[in-house]
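Read top to bottom, the protein sequences are chains R and E. Just so you know, we're using our numbering here: the first sequence kicks off at 1 and counts up by one. Just so you know, we're using our numbering here: the second sequence kicks off at 1001 and counts up by one. From the three backbone atoms N, C-alpha and C, an ideal C-beta is built for every residue, glycine too. All figures in this text were calculated on a predicted structure; none of them were measured in a lab.
2 protein chains.
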Amino acid sequence: MLGTILKAGQVFALFNGERPEWGVSDIAHALGIAKSSAHDLVASMAQIGLLTQGEDGRYRLGWKLVELSEILLETTELRAVARPILERINDTYQETIRLAILDHGKVCYVDTLDGMQPIRVAASGLGSHLYPHCSGVGKVLLAHQPSTLVERTIAEQGLPRFTESTITTLEALRAELDATRQRGWGIDNGEIIADLRCIAAPIRNHSGRVVAAVSMSVPAFRFERSQDALRGAVMRAGDEISLHLGYRAKGVA
Amino acid sequence: MLGTILKAGQVFALFNGERPEWGVSDIAHALGIAKSSAHDLVASMAQIGLLTQGEDGRYRLGWKLVELSEILLETTELRAVARPILERINDTYQETIRLAILDHGKVCYVDTLDGMQPIRVAASGLGSHLYPHCSGVGKVLLAHQPSTLVERTIAEQGLPRFTESTITTLEALRAELDATRQRGWGIDNGEIIADLRCIAAPIRNHSGRVVAAVSMSVPAFRFERSQDALRGAVMRAGDEISLHLGYRAKGVA
DNA sequence: GCGGATTGTTCGGTATAGTCGAACAGTGCT
DNA sequence: AGCACTGTTCGACTATACCGAACAATCCGC
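Structure follows, in structure tokens:
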């Protein structure tokens, strides 16, 4: 693995919504390298458009990232196939719908549609990478992954607690994943935000592998009322998208 | 400049809407490096999420790009400030409105709102980098740049022709930029697509520097009718955004 | 307003780290 | 079955990214 590229990755990891602007000295300090080395790094990243230098000399993320992001979004078959189905279920139930994949051990949102009710779940941004152990989609995706990969993923990133209900032991997670796989759908019972419920269904490609998941996020009070109907709708959406991806159920799904 | 980072830039440059998936051998051939070197490069880029490896082994753009893109979009003050004004003008005239900056010598669209009429101008994607010599925003942005930078930019990327009206000589461009600066607005008279007209106004920041431009893109037949009204609206929008950025006109603007 | 402490940037020698080509392990197409 | 292709691993060579010191320019406080 090329150290220079990994350093670039560490630079990217510094930027977030709270701190979108970094100076060379800050970066050098944060990465533990010489200031001149940090300068060479960011100046090179700026030259290819991955970073931009403001008039004050400090660096921000570059617009090339937006361009590349758009190319990725526009050429992702899964998005194009799933869109109409996501829109329909969003239209019918007026709740927040999301499409997610597993990327580098994290749940990554590939498409999101906001709910349209006064009290709704605010969809977190496209592309955001979240822990998989505390969301419906995360459980669905992990449940259909080889167990060795699950072990390794959890070993790397742990099981941080967000609410009282968050699963924080590997044993409990394993049981939950087994249950998720058997019943065919995943649920988040307020494990990341207390008053939030989220149900998710798997999406399979032509070879039968689970490659993505759909989810509906609902405020807890509204979820209790119509749990079964919502779950059925999400599962139908998952099946329908799978069908469009070329999946043909063989025997017991 | 770090060669490894520049190589990464060359890799990114390969990916586009027509060819969103590349194999290691293809990349090695395209960059003129050894296959093993190309592998080290893309494997490293994949490790930090900038690339993803499909099940067939070939590489696609990685979802980290979407995450970083979202961070950039959400933390760009210009976008937040301009949004309501763009929405209002879009609402009033029902035409395609765009917000652009100059990035690495190219026009980069920072925000776009589609028109809402049956015959409308399809807004090209967010983040796309286009030639500045054939668009209204490009002329406005270049016109307020130091002339040495303009010379260098044109020397680097040339003046490719897209239609009969495209400006293709440095001399003609210089005259056009002078005119643009003097009259305070830029126009594209079908210089990129024949039946397309586009008018653009500058946006200044607190220090008076032109940092962006707003534009309205209109089908030619509709533009002829209400040219003056549209131009006035775009210029007012530019002034208003400038005001929100802290610009206070001093003497002759 | 002047000094001190920042900032980002340049330079050149040193040793690390990326490069290359051959051999490897799979896959898909005849 | 056999060939040609894929992405991947390994080890030796040498180019290359690293560092520290000196640079110019800016900002802050005395």
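Query: Exposure label - ARG19/R; buried when at least 16 CB within 10 Å; Result: exposed
Query: Residue-level contact to chain R via CB, GLU1074/E, 8 Å cutoff; Result: yes
Query: The stretch 133-143 of chain R touching the stretch 179-194 of chain R, judged by at least three CB pairs closer than 8 Å; Result: yes
Query: Alpha-carbon to alpha-carbon, ILE1203/E and ARG1174/E; Result: 21 Å
Query: Beta carbon proximity, SER1044/E to chain R, threshold 8 Å; Result: yes
Query: THR1092/E (DSSP reduced to helix, strand or coil); Result: helix
Query: In DSSP terms, what HIS1129/E is bridged to; Result: CYS1108/E
Query: DSSP three-state assignment for ILE154/R, whether helix, strand or coil; Result: helix
Query: According to DSSP, residues forming a beta bridge with LEU113/R; Result: ILE97/R
Query: Cβ pair count under 8 Å reaching 3, the stretch 113-125 of chain R against the stretch 213-228 of chain R; Result: yes
Query: Of the listed residues ALA1249/E, ALA1201/E and LEU1245/E, nearest to MET1235/E (C-alpha basis); Result: ALA1201/E
Query: Nearest neighbour of PHE1012/E, chosen from GLU70/R, ALA34/R and TRP22/R [CA to CA]; Result: GLU70/R
Query: Same chain, Cβ closer than 6 Å to GLY1208/E, five either side skipped, listed in chain order; Result: none
Query: Rounded C-alpha distance that separates LEU6/R from ILE97/R; Result: 34 Å
Query: Coarse secondary structure for LEU142/R, derived from DSSP in three states; Result: helix
Query: Span of the beta strand (DSSP E) around GLY1032/E; Result: Run containing GLY1032/E: none; DSSP gives neither H nor E here.
Query: LEU1014/E beta carbon near the ligand FMN (any heavy atom closer than 7 Å); Result: Looking at this structure, you won't find the ligand FMN or any other ligand, since it has none at all.
Query: Proximity winner among LEU130/R, LEU72/R and GLY54/R, relative to HIS104/R (alpha-carbon distances); Result: LEU130/R
Query: ALA220/R and ASP195/R closer than 8 Å at C-beta; Result: yes
Query: 8 Å Cβ cutoff, GLY54/R in contact with chain E; Result: no
Query: Chain-ordered neighbours of ASP1026/E on chain R, where CB pairs are closer than 8 Å; Result: Correct list: empty, because the minimum Cβ distance to chain R is about 16 Å.
Query: Local conformation of ASP1103/E per DSSP, three classes; Result: strand
Query: Bridge partner(s) assigned by DSSP for ALA201/R; Result: VAL214/R
Query: Within chain R, the residues that PRO1132/E reaches when beta carbons sit closer than 7 Å; Result: Those within 7 Å of PRO1132/E in chain R number zero; the least Cβ separation is about 14 Å.
Query: Whole-number beta carbon distance between THR1163/E and ILE1199/E, since they are thought to touch under 8 Å; Result: Not really, about 17 Å apart at Cβ, beyond 8 Å.
Query: 8 Å Cβ cutoff, MET116/R in contact with chain E; Result: no
Query: Proximity test, Cβ basis, 8 Å: LEU255/R and chain E; Result: Because residue 255/R is not part of the residues shown, which for chain R are 1 to 253, the question remains open.
Query: Interface residues of the stretch 54-70 of chain R facing chain E [CB-CB below 9 Å]; Result: GLU55, ARG60, LEU61, GLY62, TRP63, LYS64, LEU65, VAL66, GLU67, LEU68, SER69 and GLU70
Query: ALA253/R in three-state terms, based on DSSP; Result: Its pLDDT being 40, under 50, ALA253/R is placed unreliably in this model, and the coordinates cannot settle the point.
Query: Distance, LEU1061/E Cα to GLU171/R Cα; Result: 35 Å
Query: Backbone CA spacing between THR1168/E and VAL1210/E [nearest angstrom]; Result: 24 Å
Query: Assigned secondary structure, ARG83/R (DSSP; H/G/I helix, E/B strand, else coil); Result: helix
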